[in-house]
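Using the working numbering, the letters of the sequence shown map in sequence onto residues 56 to 339. Cβ atoms here follow ideal geometry from the backbone N, Cα and C, with glycine treated the same way. Below is one structure; the comments refer to it alone.
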Amino acid sequence: MASTVTSRRKQLGNELRHARTAAKMTQQQVAEVLGCTQGKVNKIESGAVGVKLGDVRTMLNAFGIAGEEADTLMNLARAAAGQRGHWSGYRSVVPHWFRTFTDLEPAAAEIMTWHGERIPGPLQSEHYMLKQFTEAGATDVTSLVRNRLDRKAVFDQQQPPYYRFIISEGALRRAPGGFAPAVMLDQVEHLLALDRHPRVYVHVLPFGAKLAAVPNDFTIMRFPDRTRDFVYIEHSAGGLYLDDVKDFNIFVDSWDRLRGAALERGETRQFLKELAEIYRAQMQ
C-alpha cells in the first residue's frame, strides 16, 4: 500500500523525524530533552499524537534548526495543532484536508501541477472565481474569494517557488456554469498578464496532443530543505498526499509526458491570444 500523508500532524511528524536523524539524535535523547518517554517521541513522529508548539521549538533548538527552515516547521506545527487565528475568520472556509497544501505552498522550491477540466486556483481570475463559487452554491463566496486571492501572494514572494502549470485546452473552453464568454475572456486575459512573473510557467495541452491518455489532476511539490517532497491529489471527498518515493516518481514520469506533449511558452501565448479573439467574437 502506498505511503500517504493524510494530515498535517503526520507531515509534521515526518519532518521532525528527518530533522532528528540529520542531527544524529536518538528518540531517547529527544525524550530526555523534552522530559517525556521515548514512546511519546515515537508517537509524535508517527503523527499518532499532537505536540505542543513549545515542544516543537525545543526540538528544533536541539536539532540546530533556525531561520527560515525553523519558521516553516513552526507554521506547520501551528497548522497541525489547529491553532485558532491562523485558520479563523475568513480563512476558516479552507477545508481541513487542504490546509497542509496551503501551509507548505510558499515554502516549496518547485511546484508542478496538471489540471484537465478547470483552471487551477492560483491562476483563476476574480471573475472566474466568483462564477465558480456561485455556480457551486457556496454560502460564503466573499471568504472563498479572499482565500484564493491570498494564495496568489506566493507569486510575489522575495524567493517564490518555480510554479509550473500544465492546463488542458478543455479547462480553457469549459466555463463554470456553462457558456460564459465574458468570464472566459477575462480568464484568458488574466493568464496572458501572468507573464510578468518570472517563475510562473503556463503551458497548454491542446486537444491534438499526442498522448495515449491523460491522468487525473495532480500537483507535485519539491522542497529545498528536509521537508519531504510529495504529490497532492484532490478528489470529491478530500485530498490525498503521497510521499512514497516510488509513487512520487510515477507522477514525475506522468508530468514529463504531459510536458513533452504540451505547447511551449511562446506557443501557449499565441494559443491564448487566438482563444481570446474567439471569446470576444462570441460576446458581440
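### Query
If Glu-172 and Pro-216 are in contact, beta carbons under 8 Å, what's the gap, nearest whole angstrom?
Here the question's residue 172 lines up with position 117 in the sequence shown. Here the question's residue 216 lines up with position 161 in the sequence shown. Contact doesn't hold; Cβ gap of about 24 Å is too wide.
### Query
Is the stretch 304-318 close to the stretch 270-284, with three or more CB pairs under 8 Å?
yes
### Task
Out of Ser-198, Ala-230, Ala-162 and Trp-152, point me to the one whose CA is closest to Ser-291's CA.
To locate residue 291, count along the sequence shown from 1; it is residue 236. Among Ser-198, Ala-230, Ala-162 and Trp-152, the Cα nearest to that of Ser-291 belongs to Trp-152.
### Task
Spell out a yes or no on whether the stretch 76-96 and the stretch 112-130 are touching, meaning 3 or more CB-CB pairs, one atom from each, closer than 8 Å.
yes
### Query
Between the stretch 234-246 and the stretch 295-305, do at least 3 Cβ pairs fall closer than 8 Å?
no
### Beta-carbon spacing of Phe-262, Phe-285 below 8 Å
In the sequence shown, residue 262 corresponds to position 207, counting from 1. In the sequence shown, residue 285 corresponds to position 230, counting from 1. It is not a contact, given that the beta carbons lie outside the stated cut-off.
### Query
Can you give, in chain order, each stretch of the beta strand (DSSP E) that sits fully within the stretch 209-241 and has at least 3 residues?
217-223
### Task
Note down the Cα distance separating Ala-136 from Glu-100, rounded to an integer number of angstroms.
The residue labelled residue 136 in the question sits at position 81 within the sequence shown. The residue labelled residue 100 in the question sits at position 45 within the sequence shown. When rounded, the distance between both Cα atoms is 14 Å.
### Message
With DSSP as the reference, identify every bridge partner of Thr-53, one or two as the case may be.
### Response
Lying before the first or after the last residue shown, residue 53 is absent from the chain, which here runs from 56 to 339.
### Task
Work out the CA separation of Tyr-183 and Leu-260 for me, nearest whole Å.
Counting from one through the sequence shown, the residue named residue 260 turns up at place 205. Counting from one through the sequence shown, the residue named residue 183 turns up at place 128. Using only the alpha carbons, I get a separation of about 20 Å.
### Task
Pull up the CB-CB distance for Ile-174 and Ala-317, whole angstroms please, since I reckon it's below 8 Å.
Here residue 174 is taken as the residue at index 119 of the sequence shown, counted from 1. Here residue 317 is taken as the residue at index 262 of the sequence shown, counted from 1. About 15 Å separates the two Cβ atoms, so there is no contact after all.
### Message
Rounded to the nearest angstrom, what separates Leu-185 and Ala-331 at their Cα positions?
### Response
Against the sequence shown, residue 185 aligns to sequence position 130. Against the sequence shown, residue 331 aligns to sequence position 276. If I take the Cα positions, the gap works out to 20 Å.
### Task
Kindly indicate the opening and closing residues of the beta strand (DSSP E) around Met-295.
As a first step, residue 295 is located in the sequence shown; it is residue number 240 there, counting from the start. According to the sequence displayed, residue 295 carries Leu and not Met. Leu-295 -> beta strand (DSSP E) spans 293-297.
### Query
Would you call Asp-158 buried or exposed, if buried means 16 or more other Cβ atoms sit within 10 Å of its Cβ?
By 1-based counting over the sequence shown, the position of residue 158 is 103. Buried, because 16 or more other Cβ atoms sit within 10 Å of the Cβ of Asp-158.
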